[in-house]
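Using this note's numbering, read the sequence shown as starting at 21 and increasing by one per residue.
Below is one structure; the comments refer to it alone.
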Amino acid sequence: MSNDPFARLPLVPTFTLTSQSVPDGGELPAVQLSGLFGMPGGQDRSPQLTWTGAPAATKSYAVTVYDPDAPTGSGFWHWAVANIPAAVTELPEGAGDETGSGLPEGATQLPNDARAPRYLGAAPPAGHGAHRYFITVHALDTEDLGVPEDATPAFLGFTMASHILGRATLVATAETPAA
Numbered sequence: 021m022s023n024d025p026f027a028r029l030p031l032v033p034t035f036t037l038t039s040q041s042v043p044d045g046g047e048l049p050a051v052q053l054s055g056l057f058g059m060p061g062g063q064d065r066s067p068q069l070t071w072t073g074a075p076a077a078t079k080s081y082a083v084t085v086y087d088p089d090a091p092t093g094s095g096f097w098h099w100a101v102a103n104i105p106a107a108v109t110e111l112p113e114g115a116g117d118e119t120g121s122g123l124p125e126g127a128t129q130l131p132n133d134a135r136a137p138r139y140l141g142a143a144p145p146a147g148h149g150a151h152r153y154f155i156t157v158h159a160l161d162t163e164d165l166g167v168p169e170d171a172t173p174a175f176l177g178f179t180m181a182s183h184i185l186g187r188a189t190l191v192a193t194a195e196t197p198a199a
């Protein structure tokens, strides 16, 4: 896959990630698109996620949603959550709202690339083609990454790189036809 965001990171074991909201390899449903950015039907609702089979030594998780196809030169981070306790293996749909109401105690929701600490749905530019959205759960060897609440998702990625024990990813797409 071209422009794979994990291609240059160390290989780690994989585990299973499923979603009742998002089909792996399919299109993002309208509710996972961005109403804030004017996408028809968009509700900026984070997807439901369930994961199993993470490494036994896991002490916490981080969840990220990343679009490597955004026309920015650096992609676009739609959601980043750190310090999810190891006992948690599911997030409900909508957990990433502006208050993080569905996130477990101790989890930290970081600002996305629009600088809002919430899930921001997909909004690929009209006519730019299909964008891929990497929805990833990272199993980590530490309970707290020590990442400030106002840190960028890229800083989260840099900080957690040496702590990743395993990774589970779903990839979904979205496209806005040319006007």
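Glycine included, each C-beta is placed from N, C-alpha and C at the ideal position.
Does the distance from the C-beta atom of residue i to that of residue j stay below 8 Å?
i	j	result
L130	P88	no
L111	Q68	yes
A136	L123	no
Going by DSSP, name the residue or residues bridged to residue i.
i	result
S35	Before going further, note that residue 35 is Phe rather than Ser in the sequence given. BP columns for F35 are empty, so no partner.
From this set, the options, which residue's C-alpha is nearest residue i's C-alpha?
i	options	result
T156	G46, T189 and A142	T189
G141	V101, H148, G147 and Y153	Y153
D24	A100, G116 and S94	S94
G61	P49, P67 and Q68	P49
H98	R187, V167 and R65	R65
D164	Y139, V101, T119 and S80	S80
G216	R187, D117, A181 and L185	Residue 216 is absent from the model: the chain starts at 21 and stops at 199.
Using the rule of at least 16 other Cβ atoms within 10 Å of the residue's Cβ for burial, across every protein chain shown, is residue i buried or exposed?
i	result
R28	exposed
F178	exposed
P30	exposed
A199	exposed
A107	exposed
A76	exposed
Closer than 7 Å to a non-hydrogen atom of the ligand MG - does that hold for the CB of residue i?
i	result
P67	Here there are no bound small molecules, and the ligand MG is not part of this structure.
query: Can you list the beta strand (DSSP E) stretches of 3 or more residues lying completely in the segment 150-197, in chain order?
result: 151-160 and 184-194
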